[in-house]
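First comes the structure, then the notes that go with it.
Residue numbers (the numbering used here), protein chains in the order written: chain A, 1200 to 1504; chain B, 21 to 542.
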């Protein structure tokens, strides 16, 4: 009951804040390039859906990424059998809004899956994501057995030269990566790049072959078309699973960028660390897979009050 | 009385029972709620009896109902409730359909000595808590193992094949299920039991129920004095022998117009086939000829003593098998003092004494961490489930196994209790850890730990290395399972607790890693 109320409240507030005209708020206090030309959008202070709406508009609208008839893969973090308020998984409302927008942009199918850490069906259900995706017209796809994964070679990779990747990553036209902003005991922080471990079958290989290098290597195979980091609730410690709601703060933030390294760098700063402290961000930056120097990017900063 | 209808009713009820029991073992999509599973296993004799010995409650009184029914009408349990019995009827039915013999069964002498010896052995093994005998002989548990270790894998394979086909049309209503086979020894043993039982029932109907099965023998004793019995009317009988030809228990003696009620399983085949109405179900009247009690009980008493003594002297073989500490390539072999018993077991000794290894919890476990033991517990725990952290780990928010155990070997516990029940303690072996051996980040153990008993602390340079706080560890194996080092050199493993302990609750500290004050720190 509690969880459902939580979600319902979230939806309600989300719809309400979305109803206000955009220019009425504290839109883009720094006000630089025209809407749609930003490299990165950061939004604070709103409900999940409203923050995504703001961010995607600054990034040129969903239609810049999703064309009519295309198949879209939305990849949230659904790794844990935990309710939304624990922030171990991506906020279901953020996922719902993204799926809705993709459908509105004319996507023929919107698929959602994760190769979960806990038992997959419990994660799908208890994260609240399954229900929201179905409501929004998306399709939940399992990723629990090896039969869903196809082996690919990754030229230029230092350690991850081969990987078994979920077939939806290979078959979809558009790839939207939707991680949650959280602490992580191994990599310090889990963001967009780390979230891509959930499209690969064998995670043990990562752990036994220099985790940070493998995370960066994967980008040589595939970079998502869009990364949306959900920081509505942020797990500050005991990540990536978390122990209780005491690990969570209501940050009310969302970051979007097509540059996965930049998105991770911005979220790291919001977490209170520097991108250079995070092994895989530094490696990916050095491998020129993205830019972690945020001063070199155009950023839309918006605050919803 | 319309005996054809009676027989048909018996067949229908027995099929309903066997299908229901079958379904809870084959429920690969976890659709049955726990109370339904409990209701279906409620009347299973041995589990219910064992449960009653533990906790005398209404929920464990199913066997009393069975006893009452037996007093009233004889071995109805054997013909309509016992899944192994009904399974044998299926084989017998096929055999009879395929046979051209006019009289399929013949009258056979009872194996009195053998059956009462086995009953005595079983009773003694219950009294002395040597449950492996019960495990091997209990009909429900044997049927359970056929379902769990033989039929379920076939179903999963079929499901996975179908799911794969449906995937092509992007239909995901069916999804593949992880298939974990039982250890080969268990698999081979269960397979050979299955083949033997199938063969015996194909050839000789309910022979097994009347020679080996201790429940059959016990209920047979009671049915000798049951209120209603099948009787001959000597005036009507033409000694045509049709009843003998359909009697799966081979217990009708037409020459003397006697029925061995201790072997009769109340299938009612004879009643429905007798055209002269010479056979009837009722109280004994003067026209009927009853079977006198044989001297079997005396024999059995003697045998109880003999087998008892033999059993007690043979009880010294129950020591745990321990592995030696050896090193290969500088890695240290994991040394587990005890296997890990499932939640609700209270302790290994207690658990080993009660569990009959029916496999219901193995099928109910969503993460498939529960697997049948071969030598993990020693002989005493053969085929009983243990926490196999190679195949999975215990889901923090699940207590499924404790809620459905029909024997009370796993007692029901609340989720709050379960989350602080320490099944074992995590042991960190630094020398085996990737962080130590390779000098790279790993932390898979700490990621999965639900209580953060495994925490990452600063190590050389920028690296972090695991540290275990055993006080808050519950031994769920979420650290051991994902550890990328191969068995038996895991860098972190769970050493079982002989008796489950209470773990401390993880501290809920105030948030330390506060986010930056600025709205946009970039």
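No residue lacks a Cβ here, since even glycine has one placed at the ideal position from N, Cα and C.
Under the DSSP assignment, residue 1431 of chain A falls in the beta strand (DSSP E) whose first and last residues are 1425-1434. DSSP places residue 299 of chain B inside the beta strand (DSSP E), whose first and last residues are 299-302. Residues of the same chain with a CB within less than 6 Å of the CB of residue 233 of chain B, apart from the 5 flanking positions on each side, are 159 in chain order. The alpha helix (DSSP H) runs lying completely inside the stretch 1300-1365 of chain A and spanning 4 residues or more are 1319-1325, 1328-1334, given in chain order. Under the 10 Å beta carbon count, residue 1352 of chain A is surrounded by fewer than 16 other beta carbons and is classified as exposed.
Neighbourhood of residue 1439 of chain A in chain B, by CB distance below 7 Å: 467, in chain order.
Within chain A, the residues placing a beta-carbon under 9 Å from that of residue 463 of chain B are 1383, 1384, 1385, 1386, 1406, 1410, ordered along the chain. Between residue 1301 of chain A and chain B, the shortest Cβ-Cβ separation is not below 9 Å.
Burial is judged here by how many other beta carbons sit within 10 angstroms of a residue's own beta carbon; residue 495 of chain B has at least 16 and is buried.
In the three-state reduction of the DSSP assignment, residue 1479 of chain A falls in the helix class, which pools H, G and I. Two segments are said to touch when three or more pairs of C-beta atoms, one from each, lie closer than 8 Å; by this definition the stretch 1441-1456 of chain A does not touch the stretch 1311-1319 of chain A. Residue 479 of chain B has a beta carbon lying at 9 Å or more from every beta carbon in chain A. Rounded to whole angstroms, the gap between the alpha carbons of residue 280 of chain B and residue 271 of chain B is 5 Å. Taking a cut-off of 8 Å for Cβ pairs, the stretch 135-142 of chain B and the stretch 353-363 of chain B do not touch, as fewer than three such pairs fall below it.
Each residue's CA atom was taken as its position, placing residue 1346 of chain A and residue 184 of chain B some 8 Å apart. For residue 1331 of chain A, the closest Cβ of chain B is not nearer than 9 Å. In the structure shown, residue 1404 of chain A adopts helical secondary structure according to DSSP, grouped into three states. The three-state reading of DSSP puts residue 512 of chain B in strand, counting E and B together. Using a 10 angstroms sphere on the CB of residue 55 of chain B, the tally of other CB atoms stays under 16, which defines it as exposed. Of all residues in the stretch 155-186 of chain B, only 180, 183, 184 come within less than 9 Å of chain A when Cβ atoms are compared, listed by chain position. Taking 7 Å as the upper bound on Cβ-Cβ separation, chain A lies near residues 192, 195, 196, 198 of the stretch 192-210 of chain B. Distance from the Cα of residue 1241 of chain A is smallest, within the candidate group A:1480, A:1468, A:1475, for A:1468.
DSSP places residue 135 of chain B in the uninterrupted alpha helix (DSSP H) bounded by 132-147. Your pair residue 287 of chain B and residue 268 of chain B checks out as a contact, with CB atoms roughly 6 Å apart and the cut at 8 Å.
Here residue 476 of chain B carries a strand assignment [DSSP, helix/strand/coil]. In this structure, residue 127 of chain B places its C-beta atom within 9 Å of the C-beta atom of residue 264 of chain B. Taking CB atoms only, residue 1255 of chain A has no neighbour in chain B less than 9 Å away.
At the C-beta level, residue 246 of chain B and residue 398 of chain B stay beyond 9 Å of one another. Here residue 1504 of chain A carries a coil assignment [DSSP, helix/strand/coil].
Against chain A, the CB of residue 484 of chain B has a partner CB under 9 Å away; the residue lies at that interface. Under the 10 Å beta carbon count, residue 1365 of chain A is surrounded by 16 or more other beta carbons and is classified as buried. Within the same chain, Cβ atoms closer than 6 Å to the Cβ of residue 44 of chain B are found at 52, 57, 60, the five residues on either side in sequence being excluded.
The DSSP-derived three-state label of residue 22 of chain B is coil. Excluding sequence positions up to five before and after residue 249 of chain B, its CB lies within less than 6 Å of the CB of 281, all in the same chain and listed in chain order.
When B:289, B:290, B:252 are compared, the shortest CA-CA separation from residue 275 of chain B is found for B:252. With respect to chain B, the C-beta atom of residue 1297 of chain A has no partner C-beta closer than 9 Å.
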